[in-house]
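Following: one structure in structure tokens, then a few remarks.
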Amino acid sequence: RFLRAIHFEEPDRVPHALQFWPNTIERWYSEGKLKVDFRRKVEFNPLEPAREYLNYEMICDYFELDMIPPWNTGSYFYQTDFSPMFPVKILEDGGDWLIISDSWGVVQKVRKDWASVPQYLDFKVKTREDFEAIKERFDPEDPRRYAENLEERIKRAVEEGRFPIGWGFPGFFGFGRLMMGLKRLLIAFIKDKPLIRRMFDFWSDFVIKMAKRAVELQVDYLGIWEDMAYRNGPMISPKTFKELMVPYYKKVTGFFRRKGVDVAIVDSDGDITPLIPLWLEGGVNGFLPLEVKAGVDAVSLRKEYGDKIVLIGNIDLNALRMGPKAIDEELSRKFKHLLPGGGYIASTDHHIPPDVSYDNFMHYLKRVKEWGKY
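In terms of this note's numbering, the sequence shown has 1217 at position 296, counting the first letter as 1, and numbering is strictly consecutive.
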């Protein structure tokens, strides 16, 4: 179903993909609405990957969803570690919060209940010398970077055929931000272009080396985490993007296309619309989550780009907060224009938050199943 849709064929119904904040599942379960607890672990441990807390295979089976997203630091199936693999440490325990240093060396303040995004405090790379020193930690041959029994895991997933198998990596802007922090990265785009080129050239080579085992097994699509826009538009200009990012996108997507992977999907919040033509030039042809509050409208994008781009998301979470009438209006308008001809994956424009009631969510789920039929 998913693979037919991303290649602009009409399946039996629109594919459906969702992500949830762990405390959403906690709320629904504690209220007695949700009869199955999808949490692998109840207690939050910021030193462990987020995938440890929600069992997405159970979630997808229960709600009849069609994909397990591969965004951020590697796919659900491959569980690839792209980080420089610094020791993860708790630096301070404040009761409700912790200050930790993660495997990227990023120092951050996190709430123990996952109720908000982390507050980032410090990053490893401040100079060119810092980057040259940290490069030594990126060994693509280190077996710790890959899931145990990788070949067996992928073989089993392929045989089951339940979910498409994506392979995801932190994109170039995402990598730069993990290394330098947002402010320092944005300054470097203007004042230190040689460092940006050096970092992105290194990253493209490393990503390709990391992908070689995966493409020999099975990759149905490529997922790229960026998050490089906000409500008013991209964090860098289209001119800068074309000069300093498009060449490296071409390098990576070109490698995957030569291996038969012809769909590359970028995950970025905010208003990404000014960058879409340049992402297309760089070999990217799918986009999510198409954030409504940033002014992104999937219907307009479909009219402008036709079957050149795969669209995922754009269902306004505010409609799910408001209730059945708003949900019906939102889905009716979007589905009318986005379903014909394929190329659309139904999803909300961000993770399902805890202020969405279980009853509203189930109404949304029912309507997607009813109105998403071809």
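C-beta: ideal position from N, C-alpha, C; glycine also. Quantities reported herein were computed from a predicted structural model and do not represent experimental measurements.
So which of the options has the shortest CA-CA distance to residue i?
{"i": "Asn1281", "options": "Pro1274, Gly1244, His1271 and Ala1150", "result": "Gly1244"}
{"i": "Gly1186", "options": "Lys1224, Trp1146 and Glu1251", "result": "For the sequence presented, residue 1186 should be read as Ile rather than Gly. When only C-alpha atoms are compared, the closest one is Trp1146."}
{"i": "Arg961", "options": "Glu952, Asp1270, Ala1135 and Glu947", "result": "Glu947"}
{"i": "Tyr1169", "options": "Gly1203, Gly1181 and Asp1141", "result": "Gly1203"}
{"i": "Phe1059", "options": "Asp1014, Arg1032 and Asp1126", "result": "Asp1126"}
{"i": "Asp1188", "options": "Pro1198, Lys1180, Val1140 and Leu1211", "result": "Leu1211"}
{"i": "Glu1225", "options": "Leu1259, Glu1062 and Lys1076", "result": "Leu1259"}
{"i": "Val1277", "options": "Glu931, Pro943, Leu924 and Arg934", "result": "Pro943"}
{"i": "Leu1071", "options": "Glu1053, Phe1090, Met1101 and Val1136", "result": "Val1136"}
{"i": "Met1253", "options": "Asp1237, Gly1262 and Glu969", "result": "Residue identity differs from the one stated: residue 1253 is Ser in this sequence, not Met. The candidate whose alpha carbon is nearest that of Ser1253 is Asp1237."}
{"i": "Tyr1295", "options": "Pro1261, Pro1274, Tyr1265 and Pro1275", "result": "Pro1261"}
{"i": "Lys1114", "options": "Val1079, Tyr974, Glu1069 and Glu1164", "result": "Glu1164"}
{"i": "Phe998", "options": "Phe1177, Arg1223, Ile1129 and Leu1143", "result": "Leu1143"}
{"i": "Arg1077", "options": "Met1100, Glu1062, Leu1138 and Met1283", "result": "Leu1138"}
{"i": "Val1140", "options": "Lys1130, Lys1180, Lys1172 and Gly1154", "result": "Lys1180"}
{"i": "Phe1176", "options": "Val1205, Phe1162, Gly1154 and Leu1106", "result": "Val1205"}
{"i": "His1272", "options": "Asp1190, Asp1228 and Leu1232", "result": "Asp1190"}
{"i": "Pro1274", "options": "Asn1239, Ile1266 and Val1184", "result": "Asn1239"}
{"i": "Val1217", "options": "Glu931, Pro1061 and Gly1154", "result": "Gly1154"}
{"i": "Ser1158", "options": "Phe1094, Asp1228, Leu1019 and Val1184", "result": "Phe1094"}
{"i": "Glu969", "options": "Glu978, Leu1106 and Ile1011", "result": "Ile1011"}
Can you have a look at residue i and say buried or exposed, based on whether 16 or more other CB atoms are within 10 angstroms of its CB?
{"i": "Gln1029", "result": "buried"}
{"i": "Asp1148", "result": "buried"}
{"i": "Ala926", "result": "buried"}
{"i": "Ser1037", "result": "exposed"}
{"i": "Asp1270", "result": "buried"}
{"i": "Ile1111", "result": "exposed"}
{"i": "Ile1021", "result": "buried"}
{"i": "Asp933", "result": "exposed"}
{"i": "Ile890", "result": "Beyond the ends of the chain as shown, which are 922 and 1295, falls residue 890; an answer cannot be given."}
{"i": "Val957", "result": "exposed"}
{"i": "Val963", "result": "exposed"}
{"i": "Arg1083", "result": "exposed"}
{"i": "Pro1064", "result": "exposed"}
{"i": "Arg1152", "result": "exposed"}
{"i": "Gly1264", "result": "buried"}
Measure the C-alpha to C-alpha separation of residue i and residue j and round it to an integer number of angstroms.
{"i": "Gly1293", "j": "Tyr950", "result": "27 Å"}
{"i": "Glu1050", "j": "Cys981", "result": "45 Å"}
{"i": "Leu1201", "j": "Glu1251", "result": "28 Å"}
{"i": "Leu1241", "j": "Gly1234", "result": "13 Å"}
{"i": "Gly1207", "j": "Ile1230", "result": "5 Å"}
{"i": "Tyr1067", "j": "Asp1002", "result": "7 Å"}
{"i": "Val1027", "j": "Lys1214", "result": "29 Å"}
{"i": "Gly1097", "j": "Val1009", "result": "20 Å"}
{"i": "Thr1174", "j": "Met1166", "result": "12 Å"}
{"i": "Met1156", "j": "Lys1104", "result": "10 Å"}
{"i": "Phe1123", "j": "Arg1288", "result": "46 Å"}
{"i": "Asn993", "j": "Tyr1041", "result": "Only weak support exists for where Asn993 lies, its pLDDT of 48 falling under 50; the coordinates are left without a value."}
{"i": "Tyr1285", "j": "Ile1248", "result": "6 Å"}
{"i": "Arg1074", "j": "Ile1108", "result": "42 Å"}
{"i": "Thr945", "j": "Pro990", "result": "18 Å"}
{"i": "Glu1013", "j": "Asp1043", "result": "14 Å"}
{"i": "Asp1023", "j": "Val1182", "result": "32 Å"}
{"i": "Ile1055", "j": "Arg1118", "result": "16 Å"}
{"i": "Lys1047", "j": "Lys1160", "result": "25 Å"}
{"i": "Asn976", "j": "Phe1121", "result": "33 Å"}
{"i": "Ala1219", "j": "Glu1081", "result": "32 Å"}
{"i": "Tyr1279", "j": "Lys1033", "result": "24 Å"}
{"i": "Leu924", "j": "Lys954", "result": "33 Å"}
{"i": "Lys896", "j": "Phe1256", "result": "Since the first residue of the chain shown is 922 and the last is 1295, residue 896 is not available in this structure."}
{"i": "Glu985", "j": "Leu1199", "result": "35 Å"}
{"i": "Ala1132", "j": "Leu1209", "result": "22 Å"}
{"i": "Arg1134", "j": "Trp1088", "result": "11 Å"}
{"i": "Met1006", "j": "Pro1091", "result": "15 Å"}
{"i": "Lys1290", "j": "Asp987", "result": "12 Å"}
{"i": "Phe959", "j": "Tyr983", "result": "10 Å"}
{"i": "Ala1150", "j": "Gly1102", "result": "15 Å"}
{"i": "Val1128", "j": "Glu952", "result": "43 Å"}
{"i": "Glu1057", "j": "Ser1004", "result": "12 Å"}
{"i": "Lys1172", "j": "Gln1000", "result": "23 Å"}
{"i": "Val1079", "j": "Phe1052", "result": "38 Å"}
{"i": "Leu1116", "j": "Phe929", "result": "39 Å"}
{"i": "Trp1018", "j": "Ser1221", "result": "42 Å"}
{"i": "Asp1228", "j": "Pro1039", "result": "37 Å"}
Consider the C-beta atom of residue i and the heavy atoms of the ligand NAD; say whether any pair is separated by less than 8 Å.
{"i": "Arg1254", "result": "Only the bare structure without any ligand can be found here, which leaves the ligand NAD out of the picture."}
ask   = Is the stretch 1175-1194 close to the stretch 934-946, with three or more CB pairs under 8 Å?
value = With the cut-off at 8 Å, the stretch 1175-1194 and the stretch 934-946 do not touch.
key: Entirely enclosed beta strand (DSSP E) segments - the stretch 1211-1241, minimum 3 residues   = Counting only runs of 3 or more, we get 1231-1233.
request  = Return the chain-ordered ranges of every alpha helix (DSSP H) run that is complete within the stretch 1236-1284 and spans a minimum of 4 residues.
outcome  = Fully enclosed alpha helix (DSSP H) runs of 4 or longer: 1238-1243 and 1245-1259.
query = In chain order, which continuous runs of the beta strand (DSSP E) of length 3 or greater are located wholly inside the stretch 1078-1150?
reply = Qualifying beta strand (DSSP E) stretches, in chain order: 1087-1091 and 1142-1146.
request  = Could you pull out every unbroken alpha helix (DSSP H) segment of at least 4 residues lying fully inside the stretch 933-965, listed in chain order?
outcome  = Every unbroken stretch of the alpha helix (DSSP H) spanning 4 or more residues and falling wholly within the stretch 933-965 is given here in chain order: 943-951.
key: Complete runs of the beta strand (DSSP E) confined to the stretch 1006-1045 [at least 3 residues]   = Listed in chain order, the beta strand (DSSP E) elements of length 3 or more contained wholly in the stretch 1006-1045 are 1010-1014, 1018-1022, 1028-1032 and 1040-1043.
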